[in-house]
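> Same order as they appear, the protein sequences are chains R and B. Throughout the first sequence, residue numbering follows this note's numbering, covering 12 to 156 in sequence. Throughout the second sequence, residue numbering follows this note's numbering, covering 12 to 156 in sequence. Glycine included, every Cβ here is placed at the ideal spot set by N, Cα and C. Just so it is clear, the structure is predicted and the values come from calculations on it, not from any experiment.
There are 2 protein chains.
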Amino acid sequence: MQPSSWAQRAALALSEAGYRQGGARRAILELLDEQECALTAVEIQGALSGRSREASRASIYRVLDELETAGMVQRVEIGRGTVRFEPVREGPGHHHHLVCERCGRLQPFTDAELERTISRLSERVPLEVSVHEIVIRGACRVCAR
Amino acid sequence: MQPSSWAQRAALALSEAGYRQGGARRAILELLDEQECALTAVEIQGALSGRSREASRASIYRVLDELETAGMVQRVEIGRGTVRFEPVREGPGHHHHLVCERCGRLQPFTDAELERTISRLSERVPLEVSVHEIVIRGACRVCAR
DNA sequence: CGCTTTTATGAGACTGAGTCTCGTTTGTGT
DNA sequence: ACACAAACGAGACTCAGTCTCATAAAAGCG
Numbered sequence: 012m013q014p015s016s017w018a019q020r021a022a023l024a025l026s027e028a029g030y031r032q033g034g035a036r037r038a039i040l041e042l043l044d045e046q047e048c049a050l051t052a053v054e055i056q057g058a059l060s061g062r063s064r065e066a067s068r069a070s071i072y073r074v075l076d077e078l079e080t081a082g083m084v085q086r087v088e089i090g091r092g093t094v095r096f097e098p099v100r101e102g103p104g105h106h107h108h109l110v111c112e113r114c115g116r117l118q119p120f121t122d123a124e125l126e127r128t129i130s131r132l133s134e135r136v137p138l139e140v141s142v143h144e145i146v147i148r149g150a151c152r153v154c155a156r
Numbered sequence: 012m013q014p015s016s017w018a019q020r021a022a023l024a025l026s027e028a029g030y031r032q033g034g035a036r037r038a039i040l041e042l043l044d045e046q047e048c049a050l051t052a053v054e055i056q057g058a059l060s061g062r063s064r065e066a067s068r069a070s071i072y073r074v075l076d077e078l079e080t081a082g083m084v085q086r087v088e089i090g091r092g093t094v095r096f097e098p099v100r101e102g103p104g105h106h107h108h109l110v111c112e113r114c115g116r117l118q119p120f121t122d123a124e125l126e127r128t129i130s131r132l133s134e135r136v137p138l139e140v141s142v143h144e145i146v147i148r149g150a151c152r153v154c155a156r
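1) Would you report the Cα separation of Arg116 (chain B) and Leu75 (chain R), rounded to the nearest angstrom?
2) Closer than 7 Å by C-beta to Val142 (chain R): which residues in its own chain qualify, once you throw out the five before and the five after it? Chain order, please.
3) In whole angstroms, give me the CA-to-CA distance for Glu65 (chain R) and Ala38 (chain R).
4) Is the number of C-beta pairs between the region 24-34 of chain B and the region 45-63 of chain B that are closer than 8 Å three or more?
5) Are the beta-carbon atoms belonging to Ala69 (chain B) and Leu40 (chain B) less than 8 Å from one another?
6) At 4 residues or longer, what runs of the alpha helix (DSSP H) sit wholly inside the region 104-150 of chain B?
7) Given Val53 (chain B), which residues of its chain have a CB within under 6 Å of its CB, disregarding the five upstream and five downstream residues?
8) Against chain R, with Cβ distances strictly below 8 Å, would Pro98 (chain B) count as a contact?
9) Going by C-alpha to C-alpha distance, which of R:Pro137, R:Cys111 and R:Ile129 sits closest to Ile178 (chain R)?
10) Nearest to Tyr72 (chain R) by alpha carbon, out of R:Arg95, R:Arg91, R:Ser63 and R:Gly61?
11) With H, G and I counted as helix, E and B as strand and the rest as coil, what does DSSP make of Thr93 (chain R)?
12) Along the chain, where does the beta strand (DSSP E) containing Arg86 (chain B) start, and where does it finish?
13) Along chain R, in chain order, which residues have C-beta atoms closer than 8 Å to that of Ser16 (chain B)?
14) Out of B:Arg156, B:Glu97, B:Ala81 and B:Ser16, which one is the CA nearest neighbour of Pro119 (chain B)?
15) Could you tell me the distance, in whole angstroms, from the CA atom of Gly149 (chain B) to the CA atom of Ser130 (chain R)?
16) Classify Val153 (chain R) as buried or exposed, calling it buried when 16 or more other Cβ atoms lie within 10 Å of its own Cβ.
17) Of all Cβ atoms in chain B, is any one closer than 8 Å to the Cβ of Pro137 (chain R)?
18) Closest to His105 (chain B) by CA distance: which of B:Gly92, B:Glu144 and B:Ala58 is it?
19) Can you check which of these residues, R:Arg156, R:Ala155, R:Leu138 and R:Cys151, is closest to Cys151 (chain B) by C-alpha distance?
20) How would you list, in chain order, the residues of chain B whose beta-carbon sits under 7 Å from the beta-carbon of Arg152 (chain R)?
21) Under 7 Å from any heavy atom of the ligand FMN, does the C-beta of Asp122 (chain R) make it?
22) Could you say which of B:Val140, B:Cys114 and B:His107 lies nearest to Glu124 (chain B) if we only look at CA atoms?
23) Would you kindly work out how many angstroms separate the C-alpha atoms of Gln56 (chain B) and Glu101 (chain R), rounded to a whole number?
24) Taking Cβ positions only, does Thr128 (chain B) come closer than 8 Å to chain R?
25) Going residue by residue through the region 17-80 of chain R, where are the continuous alpha helix (DSSP H) segments of at least 4 residues, counting only ones entirely within it?
26) Whose CA, out of R:Thr121, R:Arg31 and R:Thr128, lies closest to the CA of Val136 (chain B)?
This is the structure in structure tokens:
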């Protein structure tokens with residue numbers, strides 16, 4: 012059977028990496044799977060505390076670390092010193108971020124031309140590119156008004 | 012007389028914004044002007060402490076803030092939770108960043124095709140773009156070896 | 001130049017995200 | 001069911017960044 016959801020694939024990846032399955036880990040995977048865009052560790056803890064299974068800060072950072080190493084989660088740095096994390100999804104889920112500098116709102120976007128440019132760029136650059144992450148800042152429609 | 016160096020232009024911009032000229036400010040401008048790429052606030056403080064004029068943390072953050080508002084300095088978020096700052100230079104100085112995920116090295120790069128793509132993208136996107144900043148992560152030549 | 005006013009500066013308290021440690025709990029293979 | 005290794009949580013700790021307030025230094029003026 013093909014693992015269909017991101018959570019299933021992530022759980023599989025972790026177990027293949029030799030990790031066991033604990034309650035905190037399961038709760039975190041489940042929560043992340045429901046997210047469309049990036050969350051901070053603090054938001055994750057907050058969201059979990061309103062649910063059946065809570066998780067400590069230590070567990071959250073530990074699991075996020077493991078997931079990042081497994082390539083199932085990606086850090087998104089949108090500034091203000093706090094890191095955000097989001098599930099890595101293939102194809103249709105892949106996106107970049109627009110950040111409004113006034114209200115701080117985070118908005119996902121995709122652009123085929125940009126992807127083509129980046130993939131060509133990867134070959135010209137003195138770095139073996141693993142992931143790319145484009146953050147564009149400006150004023151969103153609401154704030155620009 | 013045309014202000015030739017970045018430091019002169021920055022000093023002018025600040026004085027036009029109504030700020031006075033203090034010792035810490037001058038030292039910070041001078042240091043930033045010598046930089047080719049982005050520094051953290053901590054690095055700035057460290058670099059200054061090996062020189063004639065030191066500056067306190069408060070002054071450094073204050074001056075960086077004023078410079079950012081004046082558009083003379085740009086934040087660069089390359090991760091690990093610490094923000095970097097670099098002088099904004101027109102034309103030839105404009106660049107983006109390659110970050111090595113293993114050793115953390117930061118490397119500036121420029122790419123004309125990328126710039127064209129971004130400028131076209133700016134028109135398609137629901138945001139009034141003020142600055143763009145591309146961070147590409149991967150393994151640098153030394154670490155990939 | 002000396003005086004006054006106003007701003008810049010620094011010391012250090014404070015905040016909050018993220019890390020680390022270690023004792024306890026829980027999963028897993030036998 | 002048992003043993004043992006790994007996951008977990010509580011809380012101490014770190015460190016970048018913020019804030020406050022007393023003091024020092026600019027700038028303008030007589």
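Judging by the given coordinates:
1) 23 Å
2) Gln85
3) 8 Å
4) no
5) no
6) 123-135
7) none
8) no
9) Nothing can be reported for residue 178 (chain R), as the shown portion of chain R is limited to 12 through 156.
10) R:Arg95
11) coil
12) Val84 to Glu88
13) By Cβ distance, chain R contributes nothing, its closest Cβ being about 27 Å from Ser16 (chain B), past 8 Å.
14) B:Glu97
15) 13 Å
16) exposed
17) yes
18) B:Glu144
19) R:Leu138
20) Pro137
21) For the ligand FMN, the structure offers nothing, since it holds no ligand at all.
22) B:His107
23) 42 Å
24) yes
25) 17-27, 34-44, 52-60 and 68-80
26) R:Thr121
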